[in-house]
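Report on the structure given below.
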Amino acid sequence: MVSATESVGPFTLLRLERGELEPGVPGQFFMLEAPGRVLPRPMSLCQAPHGELAFLIDPIGPGTRALCALRIGEAIHVLGPLGNGFDLDLSRPLLVAGGIGIAPMPYLAAALGDPPAILGFRTEHHAEAAGLLPGAEIVVEPRLVTELLQDDPGDVLACGPEPMLEAVRRRVPRAQLAWEARMACGYGACYGCVVEIDGRYRRLCVDGPVVRDAA
Amino acid sequence: MQLDAFVTKTVTPQAREGNPPPRVVETESGMLNSIGLQNPGIDAFARESLPRISELGVPIWVSVGGFSAHDYADVCERLDGEASVEVIELNLSCPNVEGAPETAAELVAAARAATTKPLYAKLSPATWDVAESARAVAAAGADGLSLVNTIRGLALDATARRPQLARGAGGYSGPALRPIALACVHACARAVALPIVGMGGVTSGDDVLDFLAAGASAVALGTILFADPFAASRIRAELGDAVLPALALSEHEIHGLVGHSASRRVVSAE
């Protein structure tokens, strides 16, 4: 059941009543029924307020637009938490996110005691989402998040578009990277969400979405 | 979960990496997939996957694929000695890989010579006369039909108008496939005496009744399981009450349908 929706720049923060669902580990994801669509949509958890699960959604297609159009009181099916989240046993965590890749960061920051963060956005409008992560350093294109990475950045946890993740990995081979892929099932059955890692196709839903030491 | 059978993803003689991503895309009333038969090969499948699937306590149907009659015979021969395998389904029609040069009937005949287990032939809807295919595989020794496989489709992205799947076209499944599948079941049920497992866009108890009325003796689920992993239990509950009275059949026919659906319904993982 939808308890609230909020506009965050071009994105929508969809807050659902938690019910029996556990919030899981930061970086894990949930499959959200997209009203009127054939397939659900995978979304990482953004915030876990008391009794709620909150998801930050970018309305880029028919499924995400249907999710953003949900009204308070409407109900959708939710499955999760699914997949592998971030490893939180770190001494010097640094969060790095690009665009809608900020989605898992507020819940992750809460679990890690608000570590430093670097956020990159395409426009000032998109950068309004940075309000979800107070205290973060912000860059807007043409500047890139990697420009703010120091030579010894610590334990990097990153989420964002593929070129950003590849750039972060070149700088910090041991970074934990949260990837994204089109999914059908979310639980390992369909083999639809594979990405090539170390020359092999791996299912992001069960071997990810957070991938470590992938270099 | 209330399954009467579990159909595996297709197994081939050798391990296959499958097609490059993106492999799935949603359309208005279905989805396209281009997995490309990713699987660990029959050796690893028999060693690692079969024992795990056996723990489900559900009869196992293994889907078999290949690129020649020899491939099909090879995998069937390996499965012939596996006590946990109840039925072999021959995937004769994957739209995402180059098929075998032999006809469907020749592939069934090769498999028939390699195993005594029941053989179900999974046919493509992309043929002018599917009943003729049904008669041919029946004559070659098939024990049943699985109808239908996905049909080839193409989706383009809205800006560059380029294929959304890396391989271009993919296999179209989901609700859009249902009328096509029903027509195939209807035609084949009148052409051959073999039992038919109907599949293609089944999402509700109502859909199951359509397939049974068209001539299927069991129904399999695929795409709906991606949206609702518990669909089998839900659909069985729907069959139990709400939908049946709406069907304009004689009481005798209704009992026949319920009997079939309760005892023979099959759920596919593919």
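These protein sequences, in sequence, are chains A and B.
Straight run, no breaks: the first sequence in my numbering ends on number 282.
Straight run, no breaks: the second sequence in my numbering ends on number 945.
Every residue, glycine too, gets a C-beta built ideally from N, C-alpha and C.
Since the model is a prediction, treat every value here as computed from it, not as a measurement.
Between the segment 830-846 of chain B and the segment 705-719 of chain B there are three or more C-beta pairs closer than 8 Å, enough to call the two in contact. Excluding its 5 nearest sequence neighbours in each direction, F122(A) has C-beta neighbours in its own chain below 6 Å: L81, M110 and C113, listed in chain order.
Each residue's CA atom was taken as its position, placing V877(B) and A851(B) some 10 Å apart.
For chain A, the residues of the segment 847-866 of chain B that bring a beta carbon within less than 8 Å of one of its beta carbons are G849 and P850, in chain order. Cα atoms of I855(B) and P770(B): separation of roughly 16 Å, rounded to the nearest angstrom. By the CB criterion at 7 Å, V783(B) and G816(B) fall inside the cutoff.
T72(A) sits in a strand when the DSSP states are folded into three classes. For the set S821(B), L829(B), I910(B) and D746(B), the Cα lying nearest the Cα of G875(B) is the one of S821(B). Partner residues in the beta bridge of K797(B), as assigned by DSSP, are N766(B) and S821(B). For D222(A), the pairing in a beta bridge is given by DSSP as P160(A). Not flagged as an interface residue toward chain A: Q677(B), since no C-beta distance is shorter than 7 Å. Distances from the alpha-carbon of A775(B) to those of G741(B), L900(B), R753(B) and P726(B) put G741(B) closest. Three or more Cβ pairs drawn from the segment 800-813 of chain B and the segment 858-867 of chain B lie within less than 8 Å of each other, which places the two stretches in contact.
Close partners of G166(A) in chain B (Cβ separation under 9 Å) are lacking, with about 18 Å as the shortest Cβ gap. Residue burial annotation: G187(A) is buried, with at least 16 other C-beta atoms found within 10 angstroms of its C-beta. At least one C-beta of chain A is nearer than 7 Å to the C-beta of M706(B). Nearest CB-CB separation between G693(B) and chain A: below the 7 Å threshold. Counting along the chain, the unbroken beta strand (DSSP E) around L149(A) starts and ends at V145 to L149. Against chain A, the beta carbon of L900(B) has neighbours under 8 Å at C252 and A256, listed in chain order. Counting only runs of 3 or more residues that sit fully inside the segment 811-865 of chain B, the beta strand (DSSP E) segments are 819-822, 826-828 and 845-848, in chain order. Not a single CB atom of chain A sits nearer than 7 Å to the CB of V739(B). When CB distances to chain A are screened at a threshold of 9 Å, not a single residue of the segment 718-747 of chain B falls below it. A direct Cα-Cα distance of roughly 46 Å separates P734(B) from A177(A). Neighbours of P107(A) across chain B, judged by C-beta separation under 7 Å: A902.
Taking 7 Å as the threshold, the shortest C-beta distance from R269(A) to chain B does not fall below it. Under the 7 Å criterion on CB atoms, R249(A) is classed as interfacial with respect to chain B. In its chain, beyond the 5 residues on either side, M706, L707, A830, Q839 and L840 have a beta carbon closer than 7 Å to the beta carbon of V700(B). Between C859(B) and V894(B), the CB-CB gap reaches or exceeds 7 Å.
Shown here, I899(B) sits in a helix according to DSSP, grouped into three states. Taking a Cβ-Cβ cut-off of 9 Å, L224(A) has no neighbours in chain B, whose nearest Cβ is about 24 Å from it. For F886(B), the uninterrupted alpha helix (DSSP H) run begins and ends at G880 to A889, by DSSP.
When secondary structure is reduced to three states using DSSP, L199(A) falls in the helix class. The residues L112, A115, L120, P148 and Y174, in chain order, have a CB closer than 8 Å to that of P90(A) in the same chain once the five nearest residues on each side in sequence are set aside. Residue-level contact by beta carbon fails for E764(B) and chain A, as no gap is shorter than 7 Å. Scanning chain A for C-beta atoms nearer than 9 Å to the C-beta of I710(B) yields C257, Y258, G259 and V261, reported in chain order. Contact annotation: in the segment 121-154 of chain A, residues whose CB is within less than 9 Å of a CB in chain B are G128, P129, G130, H144 and L146.
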